[in-house]
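In this note's numbering, the protein residues as written are 520 to 966.
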């Protein structure tokens, strides 16, 4: 019994020692946050309705008017209300698709300057203005800075020594960086919203070329309107390309300063990668762009976006297009004014006004998606008179065989539009004669 008593008393002493709480000395330990609980933390986000009073969605063009397909993501994106447990988002604008239960996340990232609140999602869910300078995560998602809170310092906690022994009192010990710290402090009253670069008429190169670089487009040029004194000019310019095709098929090529729409209606033996052998139908001046969060040191960034000019132009992903300086085979280069821009996944068009001739032109591009659920058939010359049929002449290298072949017209083709849903929509410009509408309806019925 005598042996057990000291052991029991020792156990009681140790038990009391374990229960003694460690606490910071007066004036310290306040507002310390644990790095491990914040850095890399992700939170679910459910988006709700658009914020009606928010009028600052990023502009995308310097044209008078921009139209996106109603069902396109960019047309539906706006600042929205959100439900999330990420308290540090606060009331910062969250640009997203409304009423999405999944797809969006909030991630906290700590660098040496800021605790950054970031929006994380697949590229298809990110507004193009934000996607251009977004950070790509290892899993392929994009991360966009939204708001940052200045970091006031990184710290560890050390026991205060007294009479050569460590006590249960703690004191803050400042350290230089996040990697060697357990705690950090932020100034929640000095938040900074991330500032995007203005991006007007910016497109990804991939939009024009396709992911495989092989996209081809149908190009149509239309005279939308002409003043009474421009009727002869309009007749001379017609609505044809340099090969007298009412509709052309093109692909886009790029150099350091231009994007060029070149005809693909060429003999297969002609190397159209050679600029000298290309049939140029339209060219547009471009500036190559790349964006990033402005670096701060080797592993941090500020809350502003900048152009990344350290990348060679060949490796940049974005182009800024100057539609007002369009050159076409039909019009040459004129002092155009950029009027409007329409964009969809596989379509875009732009309208320019020519003050010299008092005319408006629309250039429309429709991607050839290769969706042909019909078989080619032989058609006669009379079929060209039918509504919806257009002819295309493919450029061939002339040789004696062409004149010996009985079927020398094999290089002339009919382009017929295959309307999937049977719906034909006619658009009439302002001032059009309303008497034409019934005839348009009759033409559609007979198609």
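Glycine residues also receive a C-beta, built at the ideal position from the N, C-alpha and C atoms. Only a predicted model underlies this, so the values are computations on that prediction, with no experimental measurement involved.
Give me the DSSP bridge partner(s) of residue i.
i: residue 878; result: 745, 873
i: residue 713; result: Per DSSP, none; premise fails for residue 713.
i: residue 866; result: 863, 885
i: residue 723; result: 837
i: residue 802; result: 779, 846
i: residue 564; result: 603, 623
May I ask you to report which of helix, strand or coil DSSP gives residue i?
i: residue 728; result: helix
i: residue 557; result: helix
i: residue 902; result: helix
i: residue 955; result: helix
i: residue 755; result: Only weak support is given to the placement of residue 755: the predicted model assigns it a pLDDT of 45, under 50, and the value that follows is read from those uncertain coordinates. Residue 755 falls in the helix class under three-state DSSP.
i: residue 962; result: helix
i: residue 735; result: coil
i: residue 808; result: strand
i: residue 843; result: helix
i: residue 919; result: Because the pLDDT at residue 919 is just 48, under 50, the model does not fix this residue reliably, and the point stays unresolved.
i: residue 796; result: helix
i: residue 834; result: helix
i: residue 790; result: coil
i: residue 820; result: strand
i: residue 857; result: strand
i: residue 925; result: Any reading at residue 925 must be qualified, since the residue scores a pLDDT of 46, below 50, and its modelled position is unreliable; the value itself is stated next. Residue 925 falls in the coil class under three-state DSSP.
i: residue 542; result: strand
i: residue 550; result: coil
i: residue 815; result: strand
Using a threshold of 8 angstroms, state whether the C-beta atoms of residue i and residue j are closer than that.
i: residue 595; j: residue 744; result: no
i: residue 668; j: residue 616; result: no
i: residue 863; j: residue 646; result: no
i: residue 838; j: residue 724; result: yes
i: residue 771; j: residue 842; result: no
i: residue 809; j: residue 827; result: yes
i: residue 568; j: residue 604; result: no
i: residue 829; j: residue 821; result: no
i: residue 861; j: residue 855; result: no
i: residue 675; j: residue 643; result: no
i: residue 799; j: residue 882; result: no
i: residue 672; j: residue 704; result: yes
i: residue 598; j: residue 623; result: no
i: residue 648; j: residue 564; result: no
i: residue 859; j: residue 847; result: no
i: residue 639; j: residue 662; result: yes
i: residue 689; j: residue 542; result: yes
i: residue 609; j: residue 670; result: no
i: residue 680; j: residue 692; result: no
Could you tell me the boundaries of the beta strand (DSSP E) in which residue i lies?
i: residue 770; result: 767 to 773
i: residue 850; result: Careful: residue 850 lies outside any beta strand (DSSP E) and carries neither H nor E.
i: residue 779; result: 777 to 782
i: residue 571; result: Premise fails: residue 571 is in no beta strand (DSSP E) and is neither H nor E.
i: residue 718; result: Unbroken run through residue 718: none, as it is neither H nor E.
i: residue 584; result: 584 to 587
Going by the C-beta, is residue i closer than 7 angstroms to any heavy atom of the ligand NAP?
i: residue 824; result: The model depicted lacks the ligand NAP and carries no ligand whatsoever.
Legend entry - Complete beta strand (DSSP E) runs within the region 636 to 712 (minimum length 3 residues, chain order): 661 to 681, 684 to 694, 702 to 705
Inset, instruction - Quick one: which unbroken alpha helix (DSSP H) runs of 4-plus residues sit fully inside the region 591 to 632? Chain order, please. - result: 592 to 595
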